[in-house]
Structures are given as structure tokens and as C-alpha cells.
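Enquirer: I'd like to ask some things about the structure below.
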Amino acid sequence: MLSMLTARNSARRLLSLTPWPKLVNKNNRLMSLSRASRISSIRRLPLKRVLQNLSYGLGFGLLCWACQPDDNSSSQQNDLLVYCSEGSPDSFNPQLVTSGTSFDATARTVYSQLVTYASGSTTIEPALAESWIISDDGLSYRFKLRNHVEFHGNNHFTPTRSFNADDVLFSFNRQRLVQHPYHAVGGGRYPYFSSQSLDSLITDIRKISEYEVEFVLSRPESPFLSMLATPFASILSAEYASQLNRIKQPEWIDSQPIGTGPFRFKRYQADAFIRFERFDNYFGRKPRFKDLVYSITPDAAMRFARFSAGECDIMSYPLPVHLRIAAQNNFQVLQVPGLNVAYWAFNVEKPPFHDVKVRQALSMAINREAILKAVYDKQALLATNPIPPSSWAFNPNTPTTRYNPQIAKQLLSEAGYNNGFSIDIWAMPVQRAYNPNARKMAQMMQQDLKAIGVDARIISYEWGSFLSRVAQGQHHSVLLGWNADNGDPNNFFTPLLSCASADNGNNYANWCHPEFDQLILKARQISDNQQRTQHYHQAQLIAKQQAPWLTIAHANSSLLVQNRVKNLKISPVANINFDGVSLSKKITKPQTAHQTYSADNARTAH
Amino acid sequence: MAKALFKQLMTLLVSLLGLTVLTFALSQQTSTPLHPYQSSNLFGQYFEYIGYLLQGEWGVSSIHKRDVLSDFLHHFPATIELISFAILFALLFGLGLGIWAASKRGKWIDQFLMTTTLVGYSMPIFWWGMLLVLLFSLTLGWTPVAGRIDYIYDIQPVTGFMLIDTLITQHSYGMSAFANALHHLLLPAITLSTIPMAIIARMTRSSLLSVLKAEYIRTARSKGLNWQRIIWIHALRNAFQPILTISGVQISIIMTGVILTEYIFAWPGVGKWLLEAVSRRDYASIQGGVLALSFFVVIFNLGLDLLASYINPRLRRPS
Amino acid sequence: MTSQSLKLALNVYSHNRSAMFGTIVLAIVILMALIGPWIAPHDPAQQFSDDILTPPLWHSAGDFKYFLGTDDLGRDLLSRILFGARLSLKLTLIVVFIAALIGILLGALTAFLSATVRSLVMRMMDLLLSLPSLLLAIAIVAVIGPGLPNAIYAVIIVLIPQFVRVTQSAISEELSKDYVMAAKLDGANRTRLLFNHVWPNIVPAIIVQLTFSFSTALLDIAALGFLGLGAQPPMAEWGTMLSESRAFIQFAPWTMTLPGLAIFLTVLSINLVGDGLRDALDPRLNR
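So, in C-alpha cells, the structure goes:
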């Protein structure tokens, strides 16, 4: 076909004009235009500006393909902190969501709460509330609010008053009262609020004065104050809400957030970045840098690559293996024993897991030490109890499940399963703080189970449908975990192992043990810590004996941080908190982490 | 001409109908219906679906509750920017290499270049991109790893095209921001351009060689025109037409490549967006993304056909 | 195709140096895939948890036990690549043959259709052809769910239109030739015509299409595996291995370079063979 086309070309074309001289002419014209605009320097004319920038940009851009940004821009770098986060927030209102990713992007930046955790710990300290009084029966919490706390402003809203009791009432009543004008905005579902059954717990919220509110509870609840420090308890502006109502855009309250936090929301480019700016009227300690960017990088490998190339200052959720590389290359590695647990839950409603012997047998068949090494790279503690040792309720006397395939086999034959059987292991498809790689874990367990004659099939769905299927009880056994969002041990037991949570909650073992249930219920109603501890200790022994879970690990929470970032504290509950963080003036050129991860290193490291 | 145009439009219509059937099937996978259909049978629902599409209501994503069409348009400029640069590279270097090889026909340089292009053509670009990142970004530190621009530049998105936005920005750093955006574009564009570049180089070489055999070139040579002039002026003009025709195939190769490239470089375009939608089983976004991208390819091909027949009337085929 | 033209083609092919290079590489890959299970030093799924991410032998920290090193689970990379070759080639073969069978049949059937219907069918095929293959595969996988079998169906569907196109155009070209006209006038029916006269003459075009489909299929399967939509871990599939190694790209580059190299060399050799075959078989290009 080609030859056909070309052969038919006529000789006429031989004489046609060449395109090249024209192009040169165009170039000259472009050059002279840009020169003219430089001389006249009328900056308001966008066309001239475009041309001017274009000529500069093209020249520099082409010459400068491989060079770093010039000095002028790097001086601004001292005012910018880039945090490589693991995902896009589902909403900019923490009341509407449960994901840690959304909390990180909102609760510690834009918003503040009545009370908060002291930086880097789980002790409660005042925030928007200056002080509080708890009545003796534990049914009334009276908060005295801080004066002169300013809200942010944006294009649609300039606050005319400072924070007061109305904002507290608005923030909680929106979630609590179905008839509240804002209740249905954003879908009308407040997952955290309802999962903690706060709707039945809080009977009333009273405005005592402009700067005083009282929460009235239906029953004593010792973890209540801890709950108020969690993201769902963020305080929104009632004035902004009414302003949005006036301009008929109520849903903007959740997408263009206004709060009292240290950073003002500036711009969100979906799936790419969130840009914040320091709020100069913040009531607490002001941030020492001006701009904050959340660079959304869901892929952990990519996140680490960007971090090691110096494109982000802080990296969230590093893989265990990244920690070692980062340490070898003199980056800051921040770690704290996490308030989390990774577990393997047996669905006790499905045979053979209704038999406690089978559950015990399978628990003993898994080599958890090997998992800790291969999956967590030793950046975790072997889990004995559902709660981590850092919790005050931890029972140190619970016996550890030992890896012993022989006894496991024996137990199985006692239970009448001489010929083995086959099971499904549902492995979650995503990386979580408590489990960096559930599929890898499942592959290792598959091999262990084979040794005792149990065939395991690994099943995985996309995260959303995985969770909904598991909630429906479709699974046989599942690898999951839990990140506590407040420091109270109740935050593990009630949502994960209570009878109520077996029906609708996160009790994926569907395990309901009346004695256990009674113990944890009592423990959350009494305020004496020693008594609570006793109850929890007993509950942990029951959980161990009944083995609804094989508790696997408590992973360390960790962050990778560039050396120019100073005073970042990692907290066991919130993943990231910029309180007190500063950036050093000196830019330390990041070392590239291409050092070989050799087998020798791996052997000497433990 | 009018008849040919009519035929082309009919083809377009048939193509679009076929596409919407596919995406309608995709939209049926959502747990709640994409649109509030009145009709109970599939056939009626399909026509309602078309109606909704025409009104610009492409559904709402099941995860982020965002409007699918505006989400797509939001991510599209980044993809277009990447594709344009890749095509530019591919044309520039592909033509160059092809001409060079053709003018050295049979010499070792020709063989070397042709082997190189075959290597480029066979390259799994997801691997190639990773190799480039490993070498240039992680080991040498010459290029950025990911993203469209450094975050020190706060660029107001106006058009969505970073290069344009950096130029019209009111901020003082317009020029260095533009350079920085170009710098970020370099590695992804090279990765994406590899295969098209190889194809164009081979195409250019072979069509040049067949043009050079033609009678009029021999005439020109015998008239004493110098070789360079012949190649540049006469041969290339004529060789360019088949290269244009093959570009239709290129766009589908490039679209495949852009999905992988965006994944590797975390480039916030439609490819990455679509892949994330697939991994979340967000069928509303998947059907919208597939439809919009296919629509783009079909339109692009049609435009190319029209352009080709405009440039060369002989290409207007009777059937 | 007569034995004489076959000889000529063979002669052309064997004098094509790059095609011969491709043939040799491809032969080695096929041999590896065939005898892989017997020469692989380890079970590809076995995890040596004490030897995680051992570098290849030529590295100072290499271990003789693992010639090409180990991955992040301590699995022997050489064994995985060998088993991967077996898996990849097997899948590619299955995919291409099923696609070719369906495609050629459909293409041949169009010869019996009326002109309008044929042009409609061909328009649909053109549409499918113009769509990016990966986009189409992603759409199909999105409907039927990720996983290896589904990825295979997707790649088959993506490949079919090419065979329909090639067969149809080759047949219509042959049917318009004088000798077919003559046979038609002689009273030969369409089926006989297709089998006795047309078929032997379109075989070369189909063989060339087949070889190129091999490389497309291999790449598409690997790409789907890479994106997590195809073969699922722990399966030793090259694309899946690549995607698993992404997290280690900086400090265990061998886990990324080696499977990628395997894909690249195989695709390159298939393309070289395909180029050689086209030059040798396609009469239109014969000097």
C-alpha cells in the first residue's frame, strides 16, 4: 500500500515550498514578542505574561531538564512540610467517617476537640474545654469552655464571633438528633457515634452559659472522656452552618471545612494532594511552618521511593522493611508500641470452628515467630492478649500459645478430625498499621496448616466488599485487626468481642460468651481502675481459653521522617500530629537509599 | 465528500452504540442502580441510560460520592499533558532515528538503530518505567519520582493543565514552576513514548526507503539535487502520510501505555483513577472512565481519518 | 503453499540473522519452560524464612543455594522464574490458540454473509481493534472479577478481532482474484472454494498474525498480573512477581530486574521470529 501511495505522487510536489523557513520566521516573531512584553512589563495582561513565561520557561526548562529547582524556591522549602499520606480522605468531616486516613487529614489539622491527648501519649488534657467536673454518679460531665478561640474563614465565610457553647451543641446534636437541620446533610450516617452507642448514652447536652456546657449520660461510662478526644468529637462552627444554609449549600460544611485547629484548609485536589495553611489565630501552640501538604500516595513502594528521594518530609505507614533501610540511611525512624492488634478470627458459627479444640489446635499450628519476622520484620510484639502490653488492663499472666504442630495434630484427632479438612482464610487486601501484608501472612499460614493436614484456601476481595462480606458472616476465618482510637481498653473488648458486636459490630468471630460479656460490661461502668483491671484480667483468661481468635501481633506504629523535621512526636492513637513540629533551616540533602538489603544484614539484625 | 463524511459519522454512531452497550453492562454491576430507571426491562433501561449519558449524568462514584463525569474531566488534563509530550517525543526522535537509519541503509548504524527500535518495541513498559525510576530518580537523583510539580509551588488549577496553569499563575514563581512541571513530565513521557517512538522510527525508515525507490526521486537525483535535500524535502513529505495513518493504531497503544505509566509514576490522570476505581470495584467510575476513554480514542481516530483524507484526497476510500 | 515456496521462505528465514537470534532465544525459553520443574533447584512456593532477599550469586552477599537470589518471602527466584516461564508460555499458548480458533472461524464465516451484515460485523471488529487492549481487558476483568481465569478470558476477547480482521481481509482479497473467479464460474461452491483454494493462500498471513499475538498476549497477561488483576500471589507469574517486587525496587533490585528481563527477552525473541516470518512468508514483501 505504501508503494502505491508514493508512486502516485506527482512531480508537481517537487516544486512545493519547504516548511522550514516558515518555522524560523515564527520563532523570530515569538522571540521579539516576548522581548517586547518584557520591556513594557505590563503585568496585568495575561497573554503577554503567558508569552513571557513561556519564553523563559521553555529556555530554562529545556536547559534545565535534569537540574534541581533553583535556590529561590528552596528557601521557601523551610516553610513547607510535605506529608506523604496513604490515601484520600473519604470526607473532610471526621463525624461522617471511620477511616484513620480521613481522621489524620481533618481531626488534627483543621479541627480541635473539647479535650485532647497530650502529645505522644494517651493522657487526656484540656483543649477547647479549659476544665471539667464529673459528677459523683458519673452521669454528668460539665465543661468550662475556653474564651477567645477563633474559627477559620474562607471565601464563603468570615466568622463574626468566636467559639462558644452553640458550636459544641451544633457539633454533637447534628449527630445525635434526627430532627436536627444538619442531621441528614452528608447522608445522615454517623458511624462512630452510633457504633459506640452514644445516641443512647447521651441523653441531653445543655447550654449552661455561653462558655459552659453539660453532657448528661444515661449510665456511667468510664471511657467517655477518652471518647471526646477522638476525631468524631471535633467541633464545627455553628455560624458557618447557618451561613451555608443561607446560601443553600449546606453540604459544603463537609467538603470545605471550617474549624478551630492549627491549620486552615486551603485546597484539595482529589487523589493528589491536600493543601493546608497555618492558622495564625490558633488558640494553642502555633505551628512553626507555614504550609502543610498531604501528598496522597496510596502505594507503599511509591511512598517510600518519594520519601527516600526527598519528595516528602514524613512518610506514613512504612512497610517494616522500609524501617530498616531508613535507619541504615540515617533517616529518623519514629516508633511507638501501637495500640492495635492483628488477629486471626475463627467464625465460630461455621463448623469445624464451633469446636473449641479445633480453634486451639489451629492456633498452635501457626508459627507466629516466623510471621513476626517475615511480615513485620520484627517491628511488632507477639500478641498474647487482645490488648497490647502498653494498656494498663493487660494481663501479664495469660499463657502464651506455643507453636507446636504435634499437639495441634493430637488435638485435631481428639476432636475427631483425623483426616484433616479444608478451610478458607480471608486475607484483607490492604496494608494496615496492624498488618502490613495480610496476604503474605496467609501464605505462610497456609504452609503451616498443610503440616497438620489442613488445606487452607486464601480468599481476598476488594477492601470495601471484603469488609461488608465479612460483616455478613460469609467468611470461614479471617485475618483482620484493630486500631484503637482511644486509650481505653474498652475500645478493644466491646467493639471486638462482646455479644452485641457479634450481631452488628466488628466481632468477626461471632463469638458470644456470657461470662466474658458480663465481665467487660461491668468493667466499663465502674470508675475504680483497680476493679476494672481485675475484671479485664479475668476476661483475658477466658478469651485465651476459648480461643475465638489467634492473637498474632501488636505492630509498632511508625513514621519515617527527614532529618530537617524537628520535634515530631508519634502518638499511639492518632497517626500524625504536627504539634510543636519545626523545620530546620539547613536543607540536608537526602541520601538515596539504594544500599543493598543483604542477607547478612537480615541475619545480624535480630 | 459529503457522502464520505456521512459514512464516517455513521461509523461513529455504530461505534458509540457498541461502546454504550459495553458500559451499560458495566453499570449493571453496581449494587444500587446507577440511575433511577423507570423501566423494568433491560432494553428500556438501556435507552434511559443513553438519555442520562446525553444529559451529562454519568452517575456518582460509589466510594467518594463524586460525580463521575466531572471526576473524569478533573483527571483528564493530566493524562492529555502526558500523552501530548509522549507523542511529541515519539515524533521527534522516531522521525529522526528513522531518517538517520534510512539514510545509512544497510550500514552498521542502520542495523544498530533497527535493533534498538525492536528492543524498544518489545519493552514491557511497566518494567521499563521501573528501571528508569530506579536509575534516574532513585540512584542518580536527577528526576523526581512522582507527581506533577513540587509542592513548594502552590498552583491554582484553572485549566488543569499544569504547564498552562504555571504560566498563567499570578504568583512570582511562574517561570521556575513551569520548568519544574516540565522536569516532572520528563521521565513519564519518555517511558510512554518508547513504543510509539520505535514504531514511528521503523515506519519512517521503511516508507522513506520505498519512496526513495520511486521514479521522481531518481529523477531528482539525476538532476543533481543533493541527497540531504532530497530526503528532507521530497521524500519525507510523502513518507509522512503513511506515518499519519499508522497514528490511529498508535493512540490505542499509547492509551494502554498511559494506564501503566500513570500507575508507575503515580501520575494523577485518568489511568490511575480508573485503576483505583477497579481496585475499589467502583463500577460507576469504571463505566464512566471506560466510556470516556474509548470515546476519546474513537473521536481521535475519526479526526485522524478526516485529516488524512483532507491532506490526501486519494485516501478517501470508496467503501 | 507449495513446497518450493516453503523452501524459499525457509531459505530467507535462515539468512535473517536477527530472526535466527530470536529463534535461539525463544528455543531456550521454551526448553526452560519444558524442563523447568526438573532443573529448578527448589519448590517455587517454598519459603526459606532465614534467607529473605538474598542477592544473586554474582553479588558479594550471594549464596550458592540461590543462584538468582531470593524474594521477600525467601523463595528462590530462579525456581520461580523457571516455573513462571512454564506458566506464562502455557497461558499464552492457550490464549492465542483459543483466540485464533474463534477469530479465524468468525473471519471465515463473514465470507458467507451478505455485504451489509459483513460490513456491520467488521465495523464492530474495527471498534474493538481501535480500543486500547488494556482498557478493554480492564473493563472485562471489572465485570467478571480479577483472577487468572478471568484475565485469560479478557485477553482472549481482546485478541479475537485481530484474527477476524486478518482472516476476513485475506479471504476477501483471495476471493477477488482471477483464479477464484474462474473456479466460481466452474461451479465450485463457497465452502469448497474456501478450503481448497483460499485457505492455503492465507495461511502465511495467519501464521504471522499468530506470532505477533503471542507477544501481545504475553505482555497483556503480564500487565494484568502487574496491575493485580491477573494471576494472584503466590502464583509464580512474571507480571505478578514484578508487582510484588515494587516495594523493594531500591534495595533488592534483582527481584524486579530478573522477572522483567524474562518478560522482555521472551517478547523480544517472539517479535524477532515474527519479523523474520513476515519477511519470509509474505509474498507482497518479497523483494
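Heads up: the protein sequence lines correspond to chains Z, B and C, in order. The opening position of the first sequence corresponds to residue 13 in our numbering, with each subsequent residue numbered one higher. The opening position of the second sequence corresponds to residue -17 in our numbering, with each subsequent residue numbered one higher. The opening position of the third sequence corresponds to residue 281 in our numbering, with each subsequent residue numbered one higher. All C-beta atoms in this analysis are idealised placements derived from N, C-alpha and C, irrespective of residue type, glycine included.
Between the Cα of E233 (chain Z) and those of Z:I383, Z:N447, Z:H549, Z:A535, spot the shortest distance and give me the residue it belongs to.
Expert: E233 (chain Z) has its Cα closest to that of Z:A535, out of Z:I383, Z:N447, Z:H549, Z:A535.
Enquirer: Under 7 Å Cβ-Cβ, which residues of chain C neighbour K452 (chain Z)?
Expert: Residues of chain C passing the Cβ test: L353.
Enquirer: Can you give me, in chain order, the residues of the segment 488 to 503 of chain C that have a beta carbon less than 8 Å from any beta carbon in chain B?
Expert: Answer set for the segment 488 to 503 of chain C: S495, L499, A502, A503.
Enquirer: Counting only beta-carbon separations shorter than 8 Å, does E323 (chain Z) have a partner in chain B?
Expert: At least one chain B Cβ lies under 8 Å of E323 (chain Z).
Enquirer: Can you tell me which of the three DSSP states H549 (chain Z) falls into?
Expert: H549 (chain Z) falls in the helix class under three-state DSSP.
Enquirer: Of all the beta strand (DSSP E) runs that stay within the bounds of the segment 179 to 213 of chain Z, which reach a length of 3 or more residues?
Expert: Entirely contained in the segment 179 to 213 of chain Z, not one beta strand (DSSP E) run reaches 3 residues.
Enquirer: Please name the residues in the segment 245 to 258 of chain B whose beta-carbon is closer than 8 Å to at least one beta-carbon of chain Z, in chain order.
Expert: Result list: A248, P250, K254, W255, E258.
Enquirer: Is DSSP giving G425 (chain C) helix, strand or coil here?
Expert: Of the three classes helix, strand and coil, the one that applies to G425 (chain C) here is coil, per DSSP.
Enquirer: Are the C-beta of Q(-10) (chain B) and some C-beta of chain C separated by less than 8 Å?
Expert: No, Q(-10) (chain B) does not count as interfacial toward chain C.
Enquirer: Answer yes or no: does any C-beta atom of chain Z fall closer than 8 Å to that of R297 (chain C)?
Expert: R297 (chain C) does not count as touching chain Z.
Enquirer: Among Z:R158, Z:F182, Z:H168, Z:R186, whose alpha-carbon lies nearest the alpha-carbon of S174 (chain Z)?
Expert: The residue with the shortest Cα to Cα distance from S174 (chain Z) is Z:R158.
Enquirer: Can you name the residues of chain B whose CB is closer than 7 Å to the CB of N551 (chain C)?
Expert: Simply L100, Y103, S104.
Enquirer: What are the partner residues of S97 (chain Z), as DSSP defines its beta bridges?
Expert: Z:I308.
Enquirer: For the structure I just gave you, are there three or more beta carbon pairs, one from the segment 488 to 499 of chain Z and one from the segment 426 to 442 of chain Z, closer than 8 Å?
Expert: The segment 488 to 499 of chain Z, when compared against the segment 426 to 442 of chain Z, does touch it at the 8 Å Cβ threshold.
Enquirer: Please name the residues in the segment 354 to 366 of chain C whose beta-carbon is closer than 8 Å to at least one beta-carbon of chain B, in chain order.
Expert: Residues passing the 8 Å Cβ filter: none.
Enquirer: Per DSSP, G165 (chain Z) forms a beta bridge with which residues?
Expert: Its beta-bridge partners do not exist; DSSP assigns none.
Enquirer: What separation, rounded to the nearest whole angstrom, lies between the Cα atoms of S368 (chain C) and E517 (chain C)?
Expert: For S368 (chain C) and E517 (chain C), the distance between alpha carbons rounds to 7 Å.
Enquirer: Under the three-state reduction of DSSP, which class applies to S594 (chain Z): helix, strand or coil?
Expert: It is a strand residue.
Enquirer: From Y223 (chain Z) to I270 (chain Z), what distance separates their C-alpha atoms?
Expert: Between Y223 (chain Z) and I270 (chain Z), the C-alpha separation is close to 20 Å.
Enquirer: Just the C-alpha distance for G69 (chain Z) and D303 (chain Z), rounded to the nearest angstrom, thanks.
Expert: Because G69 (chain Z) carries a pLDDT of 44, less than 50, the predicted location of this residue cannot be relied on, and the following value inherits that uncertainty. Those two C-alpha atoms are separated by around 25 Å.
Enquirer: Between A284 (chain Z) and chain B, is any beta-carbon pair separated by less than 8 Å?
Expert: Answer yes: the Cβ-Cβ gap between A284 (chain Z) and chain B drops below 8 Å somewhere.
Enquirer: Can you tell me where the beta strand (DSSP E) holding Y520 (chain Z) begins and where it ends?
Expert: Premise fails: Y520 (chain Z) is in no beta strand (DSSP E) and is neither H nor E.
Enquirer: Go ahead and pull the three-state DSSP assignment for M312 (chain C).
Expert: Note: M312 (chain C) maps to helix in three-state DSSP.
Enquirer: Could you spell out the range, first to last residue, of the beta strand (DSSP E) harbouring H566 (chain Z)?
Expert: It spans 561 to 573 - the beta strand (DSSP E) in which H566 (chain Z) sits, taken as one unbroken run.
Enquirer: Interface residues of chain B around P533 (chain C) at Cβ under 7 Å?
Expert: Within chain B, the residues near P533 (chain C) are L116.
Enquirer: Hey, P335 (chain C) and W534 (chain C): beta-carbon distance below 8 Å or not?
Expert: Yes, these two residues count as a Cβ contact at 8 Å.
Enquirer: Could you compute how far the alpha carbon of S267 (chain B) sits from the alpha carbon of G253 (chain B)?
Expert: Their Cα atoms are separated by approximately 12 Å.
Enquirer: Following the continuous beta strand (DSSP E) through A439 (chain Z), name the residue where it begins and the one where it ends.
Expert: Note, A439 (chain Z): beta strand (DSSP E), 433 to 439.
Enquirer: Would you tell me roughly how many angstroms separate the C-alpha atoms of P441 (chain C) and F492 (chain C), rounded to the nearest one?
Expert: Each residue's Cα considered, the two are about 14 Å apart.
Enquirer: Taking the continuous beta strand (DSSP E) assigned at K156 (chain Z), which residues delimit it?
Expert: Residues 152 to 157.
Enquirer: Just to confirm the assignment: which complete beta strand (DSSP E) runs, minimum length 3, are found wholly within the segment 488 to 512 of chain Z?
Expert: As far as the segment 488 to 512 of chain Z is concerned, its whole beta strand (DSSP E) runs of at least 3 residues are 489 to 495.
Enquirer: Quick check on the DSSP output: the alpha helix (DSSP H) that includes F277 (chain Z) runs from which residue to which?
Expert: No alpha helix (DSSP H) contains F277 (chain Z), which is instead part of the beta strand (DSSP E) from 275 to 281.
Enquirer: So A320 (chain C) and F363 (chain C) are in contact, right, with Cβ under 8 Å, and what is the actual spacing, rounded?
Expert: That pair is a contact at about 6 Å.
Enquirer: Counting only beta-carbon atoms, is Y28 (chain B) nearer than 8 Å to chain C?
Expert: It does not; no Cβ of chain C falls within 8 Å.
Enquirer: Going along chain B, which residues have a C-beta under 8 Å from S307 (chain Z)?
Expert: Going along chain B in sequence order, the residues near S307 (chain Z) (Cβ under 8 Å) are G129, Y133.
Enquirer: Using a Cβ cut-off of 8 Å (strictly closer), state whether S(-3) (chain B) contacts chain A.
Expert: Given the protein chain composition of this structure (Z, B and C), no chain A is represented.
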